[in-house]
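S.K.: Got a structure here, written out as structure tokens. Questions coming.
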Amino acid sequence: MNNLDKLISYFETFPGVGARQAKRFAFHVLTMNEADTAELAKLIANLNQSVTECASCHRFFSTNNSATTVCTICNSSNRDHNRLLVVERDSDVLAIERAGVYDGLYFVFGGTVPLLSSKENNKLRGGALKATIETRIPEGLSEVIMGFSINPDGENTTRFIESIIGEITKSHEVTISHLGRGLSTGSELEYADAETIKNALKNRA
Numbered sequence: 379m380n381n382l383d384k385l386i387s388y389f390e391t392f393p394g395v396g397a398r399q400a401k402r403f404a405f406h407v408l409t410m411n412e413a414d415t416a417e418l419a420k421l422i423a424n425l426n427q428s429v430t431e432c433a434s435c436h437r438f439f440s441t442n443n444s445a446t447t448v449c450t451i452c453n454s455s456n457r458d459h460n461r462l463l464v465v466e467r468d469s470d471v472l473a474i475e476r477a478g479v480y481d482g483l484y485f486v487f488g489g490t491v492p493l494l495s496s497k498e499n500n501k502l503r504g505g506a507l508k509a510t511i512e513t514r515i516p517e518g519l520s521e522v523i524m525g526f527s528i529n530p531d532g533e534n535t536t537r538f539i540e541s542i543i544g545e546i547t548k549s550h551e552v553t554i555s556h557l558g559r560g561l562s563t564g565s566e567l568e569y570a571d572a573e574t575i576k577n578a579l580k581n582r583a
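For the sequence shown, the numbering used here gives the first residue as 379, with consecutive numbering after it.
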């Protein structure tokens with residue numbers, strides 16, 4: 379396999395990128411001038427040095443050259459630490475933050491549990507989520523919000539999580555709620571506009 383085919387194959391591993399789009403990305407890289415190509419390579423190479431995964435919510439954040447392991451959201455005293463919104467990926471956090479309609483904390487689950495797949499996703503953080511809830515209950519946690527897309531995989535993931543945390547939340551009277559009207563069936567949270575997210579959170583049940 380030559381370098382071009384390797385690059386196309388790498389792009390195909392990106393979420394939501396098919397073979398045709400991967401080829402477009404690869405050929406676009408070929409049309410870039412040498413300076414832009416070098417800058418892109420430098421940014422990718424240095425990414426792990428400037429961005430890290432939050433030890434609390436597991437979203438990626440810029441460290442600004444500091445040694446901190448917890449992001450600004452989890453560290454903020456202005457956030458509502460009694461609510462925890464569980465989402466599939468980092469981009470969902472970005473969408474909700476842009477909407478400006480939620481002031482609680484987050485937990486990035488790392489993906490979904492596909493309804494029609496027996497393949498295990500090792501990136502899912504079921505154990506870490508349960509541990510986070512156990513830690514936050516003595517600190518006043520009162521609600522866990524399921525913030526997954528309204529589709530079969532999202533709903534299956536919600537059921538999976540509830541099977542993990544159901545016992546501990548019930549015994550400590552922690553409410554489990556779900557995004558309500560606003561998100562239509564089949565829609566993904568990442569692409570929802572501010573008003574849609576606002577209504578989904580407002581009408582959670």
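All residues carry an ideal CB built from backbone N, CA and C; glycine is no exception.
1) Excluding the 5 residues preceding and the 5 following F389 in the sequence, name in chain order all residues of the same chain whose CB lies nearer than 7 Å to its CB.
2) So who's on the other strand from I554, going by DSSP bridges?
3) Taking DSSP's pairing of strands, which residues face G482 in a bridge?
4) Who does S527 pair with in a DSSP beta bridge?
5) Please report the distance separating the alpha-carbon of D468 from that of N380.
6) Can you give the beta carbon distance from N460 to L519, rounded, assuming they're within the 8 Å contact cut?
7) Quick check on A572: buried or exposed, where buried means 16 or more other Cβ atoms within 10 Å of its Cβ?
8) Report the residue from T574, L567, C449 whose alpha carbon sits nearest the alpha carbon of E466.
9) Does the Cβ of H436 have 16 or more other Cβ atoms within 10 Å, making it buried, or fewer, making it exposed?
10) By a C-beta neighbour count over all protein chains shown, 10 Å radius and 16 as the cutoff for buried, is R398 buried or exposed?
11) For R514, count the other beta carbons within 10 Å of its own beta carbon; 16 or more makes it buried, fewer makes it exposed. Which is it?
12) Quick check on T535: does DSSP put it in helix, strand or coil?
13) Go ahead and label T535 buried or exposed: buried means 16 or more other beta carbons lie within 10 angstroms of its beta carbon, across all protein chains shown.
14) Starting from the C-beta of D414, find all residues in its chain whose C-beta is less than 7 Å away, skip the five residues before and the five after it, and write them out in chain order.
15) Using the DSSP secondary-structure output, state which residues sit across from E650 in a beta bridge.
16) Less than 9 Å separating the beta-carbons of V479 and I523?
17) Measure the alpha-carbon distance for S555 versus G504 and round it to whole angstroms.
M.R.: For this structure:
1) V395, A400, F403, A404, listed in sequence order.
2) V522
3) D458
4) For S527, which the question treats as bridged, DSSP gives no partner whatsoever.
5) Approximately 33 Å between the Cα atoms of the pair.
6) 6 Å
7) That one is exposed.
8) L567
9) buried
10) exposed
11) buried
12) helix
13) buried
14) Excluding positions up to five away in sequence, the list is empty.
15) In the structure as shown, the chain starts at 379 and stops at 583, and residue 650 therefore has no counterpart that could be examined.
16) no
17) 17 Å
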